[in-house]
Structures are given as C-alpha cells and as structure tokens.
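Residue numbers (UniProt numbering): 1 to 551.
Glycine residues also receive a C-beta, built at the ideal position from the N, C-alpha and C atoms.
This report concerns only the one structure given below.
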C-alpha cells in the first residue's frame with residue numbers, strides 16, 4: 001500500500017467528502033496487511049463511518065484498530081482509536097461505554113504529554129456526557145478541550161469543540177422547553193446562537209465548505225429557536241445551495257425541516273405542512289430518525305393550531321410510533337454492537353492462533369474464556385443499567401413504560417382488575433433544602449426499600465422520576481388497590497424517618513386509577529391509566545397532601 005493513497009483518502013476526509021473517503025479506504029484495507037498500516041486505515045475508516053452515520057461499522061473497525069494497537073503498544077494511534085470507538089458508542093447512545101473509551105484515551109494522551117490528543121479525548125468525553133443526557137456537563141468538558149485548542153493553535157479541534165458545544169446547547173434548549181423552563185431556555189438559546197456564530201466564523205477562517213455548512217446548520221437552528229425569522233431565511237437558502245453544490249445530502253435534507261419551522265414561525269401553516277410532508281416522503285434510510293420525529297411534531301402542532309384535530313391526532317400517533325421505533329432501533333443497534341465486538345474479538349483471536357505456538361495457544365484459550373466472562377458480565381451490567389434506577393435499585397421509567405403494556409396484554413380478560421398508582425413525596429424539595437441532597441438521596445433509597453417490602457415481587461414498582469414512583473397491580477391486589485395503597489401511605493407516615501436524619505418526617509400523596517372505574521373506565525391501554533393516576537395525584541396534592549385520591 002502506498003502512503004500517498006492513504007494521504008489522498010485523508011485529504012477527502014478533511015474536505016468533508018466522507019463517502020468518497022470511505023470508498024477509497026475500503027479499497028485500501030485488504031492491501032494493508034502490516035500492523036501499523038492496517039491500524040492507520042482502520043482509524044481513518046472509523047472517522048469516515050462516524051461522519052456517515054454508520055456507527056456499527058465504526059465500532060467494528062475501531063475495535064479492530066484497538067486490538068492491533070494494543071498488541072503493538074503504539075500509544076498515540078491507540079489513543080485515536082479509542083477516541084473513534086468512544087464517538088461510535090456515543091452515536092449509539094451507549095454512554096457508559098463511550099465514557100470508558102474516552103477516559104482511556106485521555107489517560108493515554110496525558111501519559112504521552114500530547115496536547116492535541118488530550119484535546120480530542122476531552123472532546124469525545126463531552127460526546128459521551130451528551131449520550132448520557134447531560135448536555136451541560138458535555139458543554140463544560142468540551143470547553144476544556146477548546147482551551148487546549150486555543151492554547152496550542154489547533155484549528156480543527158477548535159472548530160469541533162465550538163460546533164459540538166453549539167449542538168449540545170441546542171439540545172439543552174429543547175429539553176428546557178419541554179420541561180417548561182422558559183426563562184432558562186431564553187438564556188440557553190442566546191448561548192447556542194453565540195456558539196454557533198463563533199463556529200461559523202471559525203469554519204470560514206479555515207475555508208472548509210463542509211465545516212461551514214455544518215456550523216451554519218446549527219446557527220439556523222439557534223435563530224429559529226430565537227424566532228429571528230428574517231435572519232434565518234437567507235441563511236437557509238444559502239445552506240441549501242451549499243449542500244446541493246457539495247453533495248452534503250444530510251444537510252440538504254435538514255434544510256427542508258428548517259423551511260418548515262420558518263414557515264410555521266411566520267404563520268404560514270400550509271407552507272409549513274407542505275415542507276414537513278415532503279421531508280417525510282423521503283425513503284426511510286435517507287432521513288435521520290431525529291429529523292423525522294421533529295417533522296412529525298411540527299405537523300402535529302400545525303394541524304392542532306389550525307383546528308384540524310383528526311389530522312393532528314394522526315400526526316401524534318405517527319410521532320409515538322416513530323419514538324417507539326427509535327427506541328427499538330437503538331436497542332437493536334446496541335445488541336448488534338455487542339455481537340460486533342464479539343466477532344472482532346474472535347477474528348483477532350484467530351489471527352493470534354495462526355502465529356502462536358502450542359503454549360501460546362493454551363494461553364489464548366484461557367484469555368478467550370476470561371474475555372467471554374467479561375463480556376457476559378458487561379452484558380448483564382448493560383441490561384441492568386437499561387432497566388434499573390441507579391439510586392434506588394428499583395425499575396426505572398423506561399422499564400416501567402415497557403412492562404406496563406406487557407402486564408396489560410397478559411391479563412386474562414378486560415374484566416381482570418388492573419391498577420396504576422402514582423406516588424409522590426410531599427415537600428421533598430424542603431428535605432433537600434433543609435437537610436441536603438445526600439439526605440434526600442437516602443430518603444429515596446429508604447422509601448424504595450419500604451415500598452418494595454410491602455408489595456409482592458410480581459407487582460411493578462418503579463422510580464418514575466425525581467421523587468415520583470409508579471406502582472402497577474394486576475388481579476386480586478388490584479381489586480384491593482385502595483386498601484393496599486392506604487396501608488403504604490400509613491406505613492410511610494409512621495416510619496421512623498429520624499433514623500435517616502434527626503427531625504425528619506415524611507408523607508406521600510397517591511393518585512390511583514383502576515381499569516373500568518371512574519376516570520379509568522374508558523382506558524384502552526395502560527398509558528391512559530398512568531395519565532389518570534397522574535391527574536389524581538395532582539388532585540391529592542391540591543387537596544392537602546398525605547392522602548390517596550381515586551381517579
């Protein structure tokens with residue numbers, strides 16, 4: 001393999017021509033038989049796959065690169081391979097695995113005293129925090145990487161940091177809006193716009209068309225969030241023209257959504273609906289799931305505003321289907337990654353077998369057994385992490401949302417008693433304010449244990465969020481749900497909370513919904529019972545707390 005061929009592919013990567021770079025690198029890979037040469041191609045190919053939205057392929061080649069480079073003890077390229085693997089895991093929402101690889105890369109970079117590699121490792125650590133749904137920490141960690149970029153004159157790293165910070169902040173804004181944190185959202189939107197403008201200026205100074213287009217896309221998002229329609233409109237047209245000219249397919253598709261958001265913001269609902277519908281008509285693999293869900297949400301809001309309730313309902317149902325599909329897709333991808341890792345491990349083990357003598361063969365078998373056990377334990381940890389709340393060791397909300405429909409479907413008949421209760425700790429904020437968050441955490445753990453001891457193992461008990469818990473009962477316990485929950489409420493009130501902290505007293509409020517009873521009568525799926533129980537919980541709170549209210 002000629003070094004010039006690899007340099008040519010790397011130049012394509014720098015220009016943002018990731019598809020062409022991937023094709024060239026894939027052709028080079030069979031020729032790269034030597035360890036260092038193959039590792040270099042694998043690292044470049046991992047970068048291309050990550051930019052092309054092919055994280056599973058990125059895991060495959062980056063994992064092989066890690067194996068090769070660990071054997072060679074080539075710490076610099078190994079640091080890059082771990083950064084690539086961390087990014088792939090982040091794209092697959094495997095935040096813990098991404099964090100592990102980024103921290104390993106950071107340790108290598110600091111051992112090497114290599115500022116550039118340290119900066120990239122910190123940037124990937126920021127991506128990992130974002131995958132763990134912590135955009136504020138992601139932005140702060142990425143700022144550490146940017147300080148290194150500015151100190152050592154690293155323009156590519158500087159742009160990546162600015163652009164990532166803008167993206168994390170845009171995501172944080174969306175979450176704040178959903179949570180109703182309007183005042184904080186305004187501050188975060190201004191920050192996102194400033195970061196996006198800085199990223200655009202940085203990309204323009206470097207003269208890289210792909211980076212310019214990428215930064216402009218974030219800036220347009222920020223302007224649309226800030227309702228600066230007049231400034232956003234020409235930038236959308238320029239971005240679309242640039243994306244078409246340079247064949248940036250993903251960015252070209254995103255401009256359709258920008259147009260739809262702009263039209264809705266200007267009150268042009270028909271144009272917004274047409275733009276969103278044209279986006280949704282693209283073939284499934286051409287549109288990113290996140291864009292699809294945003295387009296469906298926009299359609300829903302437009303139809304609702306226009307009073308087209310039937311169409312709005314259809315949009316909302318499509319959005320829910322898309323969100324469920326996205327969850328399943330991530331889960332399938334995560335499973336596939338575990339299989340890929342196993343395949344890579346086995347392939348590397350076979351290569352080792354070909355070179356090893358009889359003693360090395362024996363050691364390899366033992367190593368494979370240890371590795372298999374580690375993978376099995378990691379799979380068990382991943383499964384627990386997906387289903388379990390870390391603080392209370394109860395089921396988490398995600399598991400509860402999956403378990404309730406299964407419980408519902410497995411009931412013998414629609415007449416089988418089915419109950420859903422929502423529990424909330426009264427004045428929990430005062431506990432944190434008066435005694436500290438450590439005591440608040442201890443209260444949550446103690447309450448979780450108390451509830452678990454007083455419910456059957458077959459009953460569903462989950463931490464729904466914050467200080468809120470969900471209970472699902474089926475069969476005889478559901479028939480006696482009011483009595484069961486009243487006993488729980490009394491047990492909490494009478495519990496010796498002073499053992500947790502002196503002077504501490506605690507009560508809970510409960511909202512209960514029963515299938516076929518009251519507001520739970522028309523329920524055709526458990527989600528409706530959850531909503532009814534939540535409303536009943538609010539009523540219990542409003543009525544004075546420390547009580548149970550039946551929907």
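- Per DSSP, residue 16 is not a residue of any beta strand (DSSP E), being assigned neither H nor E.
- DSSP places residue 52 outside any alpha helix (DSSP H), giving it a letter other than H or E.
- Of the residues assessed, residue 526 falls on the buried side of the cut-off, its CB having 16 or more other CB atoms within 10 angstroms.
- Residue pairing from DSSP places residue 508 in a beta bridge opposite 425.
- Secondary structure at residue 251: helix, using DSSP grouped into helix, strand and coil.
- Nearest neighbour of residue 478 by Cα position, chosen from 494, 131 and 516, turns out to be 516.
- By the CB criterion at 8 Å, residue 192 and residue 233 fall outside the cutoff.
- Residue 93 is classed as buried because its beta carbon has at least 16 other beta carbons within 10 Å across all chains shown.
- If you look at residue 464, you'll find it in the beta strand (DSSP E) that goes 460 to 465.
- Distances from the CA of residue 189 to each of 474, 299 and 169 were compared; the closest alpha carbon is that of 169.
- Rounded to the nearest whole angstrom, the C-alpha separation of residue 68 and residue 97 is 20 Å.
- When rounded, the separation of the alpha-carbon atoms in residue 50 and residue 43 is 11 Å.
- According to DSSP, residue 472 shares a beta bridge with 420 and 460.
- DSSP places residue 388 within a strand segment (E or B) once states are collapsed to three.
- The C-alpha of residue 210 lies about 16 Å from the C-alpha of residue 237.
- Taking residue 173 as the centre and dropping the five residues before and after it, the same chain places the C-beta of 185, 188, 189, 192 and 225 closer than 7 Å to its C-beta, in chain order.
- As computed with DSSP, residue 550 is found in a beta bridge with 512.
- If you draw a straight line from the Cα of residue 29 to the Cα of residue 38, it comes to about 7 Å.
- Ranked by Cα distance from residue 110, the options 145, 95, 194 and 89 are led by 145.
- For residue 32, the three-state secondary structure derived from DSSP is coil.
- Counted as a single uninterrupted DSSP element, the alpha helix (DSSP H) harbouring residue 182 occupies residues 182 to 206.
- Taking one beta carbon from each stretch, the region 389 to 396 and the region 427 to 437 have fewer than 3 pairs nearer than 8 Å; the two do not touch.
- Taking the Cβ atoms as the reference, residue 444 lies roughly 12 Å from residue 492, outside the contact range of under 8 Å.
- Within 10 angstroms of the beta-carbon of residue 255 lie 16 or more other beta-carbons, which makes it buried.
- Taking the Cα positions, residue 273 is about 41 Å away from residue 26.
- Scanning its chain for C-beta atoms nearer than 6 Å, with the 5 sequence neighbours on each side dropped, one finds around residue 440 the residues 431 and 432, in chain order.
- A direct Cα-Cα distance of roughly 10 Å separates residue 301 from residue 307.
- Ranked by Cα distance from residue 457, the first of 466, 447 and 471 is 471.
- Annotated three-state conformation of residue 274 is helix, per DSSP.
- Close CB contacts of residue 80 within its chain, under the 6 Å cut and outside five residues either way in sequence, are with 43 (chain order).
- Taking residue 399 as reference, the option from 461, 455 and 414 with the minimal CA-CA separation is 461.
- Here residue 543 carries a coil assignment [DSSP, helix/strand/coil].
- Shown here, residue 308 sits in coil according to DSSP, grouped into three states, outside any helix or strand.
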